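**Q**
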Amino acid sequence: MIHRPTDAPEWWRTAVIYQVYPRSFGDADGDGIGDLPGITERLDHLARLGVDAVWLSPFYRSPQRDAGYDVADYRDVDPIFGTLTDADRLVARAHELGLRVIVDLVPNHTSDEHVWFRQALADGPGSAARARYMFREGNGEHGEEPPNNWQSVFGGSAWTRVSDRPDAPGSAWERDGQWYLHLFDTSQPDLNWDHPEVHEEFCNILRFWLDRGVDGFRVDVAHGLVKAPGLPDWAGHVRMVEGTDVEEGLAAAEDEVIVPDASDDAQTGRSPMFDQDGVHEIYREWRAVLDEYDGDRILVAEAWVEPLERLALYVRPDEMHQAFNFNFLVTRWSPAALRESITGSYAANDAVGAPTTWVLSNHDVVRHASRLGLDETGKGPNGIGAEDPQPDAELGLRRARAASLLMLGLPGSAYVYQGEELGLPEHTTLDDSLRQDPAWWRTGHAEKGRDGCRVPLPWRSDAPGLGFSPTGRTWLPQPESWAGLAPDVQEQQEGSTLRLYRDILALRSELGLGQGGLELLEAGDDVVAVRNTASDRPAVVVVANLGTEPVTLPEGAEVLLASGPLTDGGVPSDTTVWLREQS
12 MIHRPTDAPE WWRTAVIYQV YPRSFGDADG DGIGDLPGIT ERLDHLARLG
62 VDAVWLSPFY RSPQRDAGYD VADYRDVDPI FGTLTDADRL VARAHELGLR
112 VIVDLVPNHT SDEHVWFRQA LADGPGSAAR ARYMFREGNG EHGEEPPNNW
162 QSVFGGSAWT RVSDRPDAPG SAWERDGQWY LHLFDTSQPD LNWDHPEVHE
212 EFCNILRFWL DRGVDGFRVD VAHGLVKAPG LPDWAGHVRM VEGTDVEEGL
262 AAAEDEVIVP DASDDAQTGR SPMFDQDGVH EIYREWRAVL DEYDGDRILV
312 AEAWVEPLER LALYVRPDEM HQAFNFNFLV TRWSPAALRE SITGSYAAND
362 AVGAPTTWVL SNHDVVRHAS RLGLDETGKG PNGIGAEDPQ PDAELGLRRA
412 RAASLLMLGL PGSAYVYQGE ELGLPEHTTL DDSLRQDPAW WRTGHAEKGR
462 DGCRVPLPWR SDAPGLGFSP TGRTWLPQPE SWAGLAPDVQ EQQEGSTLRL
512 YRDILALRSE LGLGQGGLEL LEAGDDVVAV RNTASDRPAV VVVANLGTEP
562 VTLPEGAEVL LASGPLTDGG VPSDTTVWLR EQS
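The numbering of the sequence shown is the working numbering, which starts it at 12 and goes up by one.
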């Protein structure tokens, strides 16, 4: 047995959590951008689906340079999404339906329109306001070069000179030679987490939302708050969501990634801007705040960290409750790779008494119904355009359904990204003129970016804008193929992806699969087979066939659920089945 069953009562150890990207879930006011009332109107869909909680991507006041991950005010709702009253109503309605609510928190950086940063610009070099951010003098004879060679995750330098800002000419800071750090867009200056005021401010932000009834926080870039002393040069680059910091020259032949040993940053290439040990003191501080409240409030880490043993440090008993398992998300559609990810995930998390989480899609990656239809599976490209190789839609959906049934048959907690229950593919033919992701611009159009996975959801096949908005407006256009995937169509279709997800989640809950133990079974090189053993229920065997030939089922086994039609020969290619063994 690679994982033992748990009887722990905390809801988050076994929860299925549904990610809502607010601008793309539902629009109530007709402006084409999703909003909090639009989410509230559709919470019944989530309750019927059978999830336990909803996680909301940022809805705070923001200039929306990075879709709300550039926060100008952490204690207010941006008018495009509604009001604080709307947020309170959403939380109350979710709780009425038995759904918990997790909100996003963005502590690595603020917007450049945040009052702190505007004060820092106005007060100038050496001011107390600048000490809250990462301002530095430049290199070169006149400070004309950046303080170090760090690169932004979105492309280009991670430093901007104050005098080079577009708002500098004619302003008080047009001759200001200092530089500020932004690991993402220029409009997202990094905070200085060595400053006590930053600590105090975020503890107060936590309490503000906890007092309003939220059940937890998903922490954006949780590994990025603390930087190495002295901000040393680093010759590497960071690939979003892959969970690995890769130094130039450390990749072996055939693009094999060398996973760094975290014991020595300088020797291994672990980046000086991410996964520094100091972040853990911050999360111990936050955990103490959450423990002041009843109801098992939780912290969830978005941390792109390898190896898995490093990631497990974020979920030790006095730190966070969960961390996203990006290792599983980026794993290739390969039996050996999936088995390794599953066993490694349990080994790392069991060692610290934390639940293992599972996730296949989110707002930062190509949807897995398309990703799994590419010749090269795994994390996939950062966006797909019309001129790029197109996924095999039929193959991608078949594999996506199989991957979801495998994932949701594993003990622990799982995350579902909005629309994956409909089998939505990526929008791969979006007109480039409509793209809004800063990665598209900062990479000089080398990366398409994340807009393709953020397109507004379809709700009704026969309505303008597929029912997303009462006016038919959508901030990004929807693919024509999505009409046939709208819930009103899938409700009527036997075997539809929506009905499959409802069946999966209902049976997962009924059989207690979230708290089960797990054994890895021998079933051939092309198969991932595990036995989920809940303590007080019959065992369930999960069999995923990734090969080309059908896999014969055990004699007398009862088929509980399958991701696709079975054949006389058993489980066909790219299909997963849940079985109850003959006793």
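Just so you know, even glycine gets a beta-carbon here, dropped at the ideal spot from N, CA and C. Note that the coordinates shown come from a computational prediction; the quantities given were computed from them, not determined experimentally.
(1) Looking at the strands, I want to know which residues DSSP matches up with N150.
(2) Give the list of continuous beta strand (DSSP E) stretches no shorter than 3 residues that lie fully inside the segment 160-197.
(3) For the beta strand (DSSP E) holding V363, just list the boundary residues, first then last.
(4) By DSSP's criteria, Q130 is part of a beta bridge. Which residues make up the other side?
(5) Can you tell me whether A103 is buried or exposed, with buried defined as 16 or more other CB within 10 angstroms of its CB?
(6) So if DSSP puts L590 in a beta bridge, which residue, or which two residues, is it bridged to?
(7) Hey, could you find the ends of the beta strand (DSSP E) E530 is sitting in?
(8) Can you round the beta-carbon distance between G167 and R453 to whole angstroms, since I take them to be within the 8 Å contact cut?
(9) Please look up how many angstroms separate the CB atoms of V173 and Q189, rounded, as I've assumed it's under 8 Å.
(10) From the DSSP output, read off the bridge partner residues of T578.
(11) Quick check on A545: buried or exposed, where buried means 16 or more other Cβ atoms within 10 Å of its Cβ?
(12) I need the straight-line Cα distance from W23 to D288, nearest angstrom please.
(13) Nearest to F219 by CA position, among E292, V300, A179, is which residue?
(14) Here's the rule I'm using: 16 or more other beta-carbon atoms within 10 Å means buried, otherwise exposed. How should T197 be labelled?
(15) Please report how far the alpha carbon of A359 lies from the alpha carbon of R327, in whole angstroms.
(16) Going by alpha carbons, who is nearest to L95 out of W66, G224, D123, G109?
(17) Pick helix, strand or coil for T544, following the three-state DSSP scheme.
(18) Please give the ranges of any beta strand (DSSP E) in the segment 48-80, keeping only runs that are unbroken, at least 3 residues long and fully inside the region.
(19) Does the separation of the CB atoms of P69 and Y80 fall below 7 Å?
(20) Between the alpha carbons of A233 and P240, how many angstroms are there, rounded?
(21) Check each candidate in L242, A105, W589, G580 and name the one with the smallest Cα separation from A413.
(22) Among the residues of its own chain, which have a CB less than 6 Å from the CB of T482, if the five just before and after it don't count?
(23) Sorted by chain position, which residues of the same chain lie with C-beta nearer than 7 Å to W344's C-beta, five sequence neighbours on each side aside?
(24) Note down the Cα distance separating E124 from E212, rounded to an integer number of angstroms.
(25) Can you give, in chain order, each stretch of the beta strand (DSSP E) that sits fully within the segment 292-355 and has at least 3 residues?
(26) For A347, count the other beta carbons within 10 Å of its own beta carbon; 16 or more makes it buried, fewer makes it exposed. Which is it?
(27) Of all the beta strand (DSSP E) runs that stay within the bounds of the segment 203-252, which reach a length of 3 or more residues?
(28) Where does L441 fall in DSSP's three states?
(29) Would H374 and Y144 qualify as a contact pair, given that the criterion is a beta-carbon distance under 7 Å?
(30) For my contact list, A555 and V538 are in at a C-beta cut-off of 8 Å; report their separation, rounded to the angstrom.
(31) Pick from V209, Y426, Q333: whose alpha carbon is nearest that of I293?
(32) When you compare the segment 132-149 with the segment 98-114, are there three or more beta-carbon pairs, one atom per stretch, that lie closer than 8 Å?
(33) From the DSSP output, which residues share a beta bridge with R111?
(34) Short check: CB of V562 to CB of V582, under 7 Å?
(35) What's the gap between the Cα of T17 and the Cα of T368?
(36) Could you tell me whether the segment 486-504 touches the segment 471-478, using the rule of 3 or more Cβ pairs below 8 Å?
**A** Short version:
(1) E156
(2) 170-172, 190-192
(3) No beta strand (DSSP E) holds V363; DSSP gives it neither H nor E.
(4) Q130 is not bridged to any residue.
(5) exposed
(6) V552, V570
(7) 528-532
(8) 5 Å
(9) 5 Å
(10) G581
(11) buried
(12) 25 Å
(13) V300
(14) buried
(15) 11 Å
(16) G224
(17) strand
(18) 64-67
(19) yes
(20) 18 Å
(21) W589
(22) G41
(23) L383, T388, R410, L557
(24) 17 Å
(25) 309-312
(26) exposed
(27) 227-230, 247-249
(28) coil
(29) no
(30) 7 Å
(31) V209
(32) no
(33) A64
(34) yes
(35) 15 Å
(36) yes
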